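Quick notes on the structure that follows.
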Amino acid sequence: MVRLVILQRIELLSLFTKKIRKLFGRYIFGNIIAKYFFNSGEIGKKYFYIMEEEFNTIKDHVNFDNKKILAIGGGMGGFESFLNKKFNNNFYSFVEKNFISKKVKYGWDNENKEAYNNLDLLKIFLLNNEMKESQFEIFDYDKDNLPIKNFDLIISLFSLDYHYDFNIYIEYFKKVSTKETKIIFDTIRPDHYLKVFKNIKILKNNENTIHKSKRIMCSEFIK
67 MVRLVILQRI
77 ELLSLFTKKI
87 RKLFGRYIFG
97 NIIAKYFFNS
107 GEIGKKYFYI
117 MEEEFNTIKD
127 HVNFDNKKIL
137 AIGGGMGGFE
147 SFLNKKFNNN
157 FYSFVEKNFI
167 SKKVKYGWDN
177 ENKEAYNNLD
187 LLKIFLLNNE
197 MKESQFEIFD
207 YDKDNLPIKN
217 FDLIISLFSL
227 DYHYDFNIYI
237 EYFKKVSTKE
247 TKIIFDTIRP
257 DHYLKVFKNI
267 KILKNNENTI
277 HKSKRIMCSE
287 FIK
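So for the sequence shown, our numbering puts the first residue at 67; every next one is plus one.
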């Protein structure tokens, strides 16, 4: 799990370990060094600290209590696990890829080829972090029929419109959202969505990232 968490959240690595990763290459780093030489407890603490920071960027804009939440590209479900510790009456639907790309490219692109997750480990991670099996469902984007029901919140941190073009989901989102549904994701082109949604709010400016993305909250599609 540590290996996947590091791939999904590169900011967990120190400058020194980033240099080691570059020196040995992603395969050796991810499969040997990350597996045998990292302190999983320390990585876990840092991971959930980052999830708390993510929560703090959103908490004043969304009511999280007793909601149906769709997580797109949620990785190991760290944000949702953190959320569940504060609000344990939500239901989560995870839509994820179930493979690890041979070469992970960090940053926005529209080729829709990036993935680094294992859905079996996702389930174990959620259960290990006190989420009941009755509180979630997991869908393989490439193999399963996606859930068709109205969601209160759709969230995709550094995945939708980051590794995957928003347009591959747009028709699906229209089917599973209402005027009140909040859709939260990171993008480098916030102005583009002024033509897609009636309501847009910038929640965070990611000025410390290479691509200078913004986290936006949208609602109500323009038909």
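C-beta atoms are modelled at their ideal positions from N, C-alpha and C, and glycine is treated no differently. Every value quoted in this text rests on a predicted model; they were computed, and no experiment measured them.
Under the DSSP assignment, Phe191 falls in the alpha helix (DSSP H) whose first and last residues are Leu185 to Asn194. Assignment of Val242 by DSSP, reduced to helix, strand and coil, places it in the helix class. Of the other Cβ atoms in all chains shown, 16 or more fall within 10 Å of the Cβ of Thr247; this residue is therefore buried.
For the 8 Å CB-CB criterion, Lys270 and Asp218 do not form a contact. Excluding sequence positions up to five before and after Lys189, its CB lies within less than 7 Å of the CB of Ile204, all in the same chain and listed in chain order. Straight-line measurement puts the Cα of Lys111 at about 44 Å from the Cα of Lys289. Taking a contact to require three or more Cβ pairs closer than 8 Å, the stretch 280-288 and the stretch 256-272 qualify as touching.
By the CB criterion at 8 Å, Leu185 and Glu199 fall outside the cutoff. Between the alpha carbons of Phe232 and Asn122 lies a distance of about 24 Å. The beta carbon of Thr244 sits closer than 6 Å to those of Asn216, all from its chain and outside the five residues before and after it, given in chain order.
Annotation for Ser159: Leu136, Glu203 and Pro213 place their beta carbon closer than 6 Å to its own, counting only its chain and skipping 5 residues before and after.
Across the set Met117, Phe287 and Met142, the C-alpha of Phe287 shows the shortest separation from the C-alpha of Glu237. Annotated three-state conformation of Glu273 is coil, per DSSP.
About 16 Å separates the beta carbons of Tyr113 and Gly139, which is beyond the 8 Å limit, so they are not a contact pair. For Leu219, the uninterrupted beta strand (DSSP E) segment begins and ends at Leu219 to Ser222.
If you draw a straight line from the Cα of Ile124 to the Cα of Ile220, it is about 13 Å long. Comparing alpha-carbon positions, the option among Leu149, Glu118 and Ile234 lying closest to Asn129 turns out to be Leu149. Residue state for Lys280 is assigned as strand, using DSSP reduced to three classes.
In this structure, Asn155 places its C-beta atom within 8 Å of the C-beta atom of Asp131. For Phe145, the enclosing alpha helix (DSSP H) begins and ends at Gly144 to Lys152.
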